[in-house]
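Quick notes on the structure that follows.
Protein chains in written order, with our numbering: chain A, 1274 to 1486; chain B, 6 to 15.
Structure, rendered in structure tokens:
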């Protein structure tokens, strides 16, 4: 465990809390992509199957349970809550996210740490997480005005994986740990946020509304 | 072992 890793996981948790606060307080999920949230549920389920097969960890296990519970809750709100589901931008959330699942599954089938059910699904979840934000970024580009909570949510979500990159650099030098699969996927994931980060920081510095081209 | 390691992160 190192400070980067701890900060990364807390940032990830914070992003989810921001989203839950937004949905619960404004009773609205405007600007949030349900497809991205669906993909995150799939990411967490396929990644945390090891909850049943591996020894529980005082640190990881609570986080895994919270991530699973919150991601499922968010999808439940967006799909079934009578008020919230009316605010979902169904016609703008158009990204064909099913097209992301098959390539990740095929890639996981061929590139994984070990060809077992758990490891292949784990690899699938790593690849899927890298691209899961795409529907959300596409939705933001078509949103006329992005509310602050949504902007902060996406920013924290991108920042957490960037912090994981620092964690991996630290672990490479301090613990001589090499992990190609999460490293490359994490780089791709963070790179996808590059233009969002640029516009987010620009809008923050000029103290103006966040607007993606 | 390598496999155990790949699961020590979230």
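Glycine is no exception: its CB is placed at the ideal position from the N, C-alpha and C atoms. The model shown is predicted, which means the values in this text are computed figures rather than measured ones.
Residues that residue i contacts on chain B, provided the C-beta gap is smaller than 8 Å
i	result
residue 1488 of chain A	There is simply no residue 1488 of chain A to check, as chain A begins at 1274 and stops at 1486 in what is shown.
DSSP state of residue i mapped onto helix, strand, coil
i	result
residue 1468 of chain A	helix
residue 1406 of chain A	coil
residue 1383 of chain A	helix
residue 1322 of chain A	coil
residue 14 of chain B	coil
residue 1327 of chain A	coil
residue 1463 of chain A	helix
residue 1309 of chain A	helix
residue 1368 of chain A	coil
residue 1373 of chain A	helix
residue 1455 of chain A	helix
Contact with chain B by residue i, beta-carbon distance below 8 Å
i	result
residue 1275 of chain A	no
residue 1282 of chain A	yes
residue 1395 of chain A	yes
residue 1362 of chain A	no
residue 1478 of chain A	no
residue 1297 of chain A	no
residue 1482 of chain A	no
Any non-hydrogen atom of the ligand MN closer than 7 Å to residue i Cβ
i	result
residue 1465 of chain A	The ligand content of the structure shown is nil, which means the ligand MN is not present either.
Interface partners of residue i on chain B, CB under 9 Å
i	result
residue 1323 of chain A	12
residue 1333 of chain A	12, 13, 14, 15
residue 1352 of chain A	Within 9 Å Cβ-Cβ: nothing; residue 1352 of chain A doesn't reach chain B, min ~25 Å.
Partner residues on chain B for residue i, Cβ-Cβ distance less than 7 Å
i	result
residue 1336 of chain A	15
Residue i: first and last residue of the uninterrupted alpha helix (DSSP H) it sits in
i	result
residue 1282 of chain A	1276-1299
residue 1335 of chain A	1333-1353
residue 1304 of chain A	Looking at the DSSP string, residue 1304 of chain A is not in any alpha helix (DSSP H), and its letter there is neither H nor E.
residue 1423 of chain A	1421-1448
Test: residue i CB closer than 8 Å to a CB of chain D
i	result
residue 1408 of chain A	No chain D appears in this structure, whose protein chains are A and B.
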